[in-house]
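Novice: Shown below is the structure under consideration.
Residue numbers (the working numbering): 174 to 268.
Okay, structure coming up:
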């Protein structure tokens with residue numbers, strides 16, 4: 174799903190290579206967190222609590238608010254993409 178999303182950004186949204194790389198890093202960071210905390214690599218199974226825990230961990234690691242907001246924006250875009258292609262019914266980043 175991650176590769177499909179990155180291809181979507183590159184070819185359909187026509188984002189710059191630098192932007193696509195930033196999204197990839199943000200999503201890989203979340204993926205590593207998810208695997209470590211949930212023992213799963215199926216990001217479609219994430220819920221609001223997991224997203225919140227990710228943000229808390231970033232804050233505890235002294236990641237800047239600006240960087241946290243960028244990562245959250247990347248996650249929002251990823252989960253909106255999953256909604257669009259029918260992989261999920263509700264985005265864990267909304268609400």
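Note that the Cβ used here is the ideal one computed from N, Cα and C, for glycine as well.
Using the beta-carbon count (16 or more within 10 Å), is residue 207 buried or exposed?
Specialist: The residue given as residue 207 occupies position 34 in the chain shown. Per the 10 Å Cβ criterion, buried.
Novice: Between which two residues does the alpha helix (DSSP H) holding residue 203 run?
Specialist: In the chain shown, the residue the question calls residue 203 occupies position 30. Unbroken alpha helix (DSSP H) run through residue 203: 190-211.
Novice: Does residue 198 have its Cβ less than 8 angstroms from a Cβ in chain D?
Specialist: Protein chain content of the structure displayed is limited to a single chain, and chain D is not contained in it.
Novice: Would you say the stretch 177-184 touches the stretch 249-267, given that touching needs at least three Cβ pairs under 8 angstroms?
Specialist: The answer is yes - the stretch 249-267 touches the stretch 177-184, with three or more Cβ pairs under 8 angstroms.
Novice: Quick check on DSSP: helix, strand or coil for residue 186?
Specialist: Locating residue 186 in the chain shown gives position 13, where the first residue counts as 1. DSSP places residue 186 in coil when its eight states are reduced to three.
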